[in-house]
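A short write-up of the structure that comes next.
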Amino acid sequence: MSNSSPREFDVVVVGAGLSGIAAAHYLQRDCPDRSFVLLEGRDAIGGTWDLFRYPGIRSDSDMFTLGYTFRPWTSDASIAGGEAIRDYIRDTAREEGVLPRIRFGQRVTAASWDSASARWRLAVDAGGEQLHYSCRFLFFSAATTTTSRATNPSGRDARALPAASSTRSTGPRTWTAPASASS
Ligand SMILES: Cc1cc2nc3c(=O)[nH]c(=O)nc-3n(C[C@H](O)[C@H](O)[C@H](O)COP(=O)(O)OP(=O)(O)OC[C@H]3O[C@@H](n4cnc5c(N)ncnc54)[C@H](O)[C@@H]3O)c2cc1C
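Next comes the structure, spelled out in structure tokens:
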């Protein structure tokens, strides 16, 4: 991204996973006069479904429910593998034309509300370069499963964390071996 790229928007969406792509779709469709951008800390679309690649990863619930209402899941497989879900999110982003809205490798590290200007001020780490954004509306679609400090604050395997320090976590952050029946 060039240094002259705009960093002031009506809306900033954080995260280009399942939720962020949906947010972009609805912003484009329902708020065409509003400027917005998606900031994605990683270099890929898909969030959970791009990050986790362990054997057998799949949805827990049926894809007809988990999928987008604006782009229904059409496969016969109701419970889908991670790769199929990743492709579905990527294809949706491409077909909906939201790819140009995404700025990859830009991780939001702080957000504060400035009452005087009535805008959010965002600090963003872009591969070591510190950037500053501002927006009127901040949409967090960053979830917990791909937000390392939320799911794994001590650096240990999320499955080993005591309940009090473990936030909602639907899958292991790192995968080394299948969990034993007693874990
Ligand atoms: C094995 C498994 C099965 C699951 N099955 C189901 C299911 O059946 N039904 C269901 O409802 N849910 C399920 N989940 C939960 C799953 O997380 C959601 O389905 C969905 O993928 C969440 O999408 P999301 O866009 O909200 O978050 P994510 O997929 O986590 O995407 C968030 C994105 O935000 C980015 N991000 C995070 N923090 C920042 C930051 N500070 N700055 C910039 N970018 C940031 C991340 O890099 C990521 O790309 C499952 C999860 C796992 C692991």
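Position 32 of the sequence shown, counting from 1, maps to 32 under our numbering, and the rest follow consecutively.
Glycine included, every Cβ here is placed at the ideal spot set by N, Cα and C.
Item	Value
Identified DSSP bridge partners for residue 102	38
heavy atom of ligand 1 below 8 Å from residue 57 C-beta	yes
For residue 43 and residue 105, believed in contact at Cβ under 8 Å, the rounded distance	6 Å
CB-CB length for residue 45 against residue 118, believed under 8 Å	Actually they do not touch by this definition, with Cβ atoms about 31 Å apart.
Residue 18 to residue 95 span [Cα, whole Å]	14 Å
Supposed contact pair residue 47 and residue 15 - C-beta distance, whole angstroms, cut 8 Å	6 Å
The alpha helix (DSSP H) enclosing residue 86, as first and last residue numbers	82-95
Neighbourhood of residue 20 by C-beta, 6 Å cutoff - its chain only, sequence neighbours within 5 removed	13, 38 and 141
Residue 184 beta carbon near ligand 1 (any heavy atom closer than 8 Å)	The displayed coordinates of the chain run from 1 to 183. Any statement about residue 184 would go beyond what the structure contains.
Distance between residue 116 and residue 72 (C-alpha atoms, nearest Å)	43 Å
Opening and closing residue of the alpha helix (DSSP H) in which residue 24 lies	18-30
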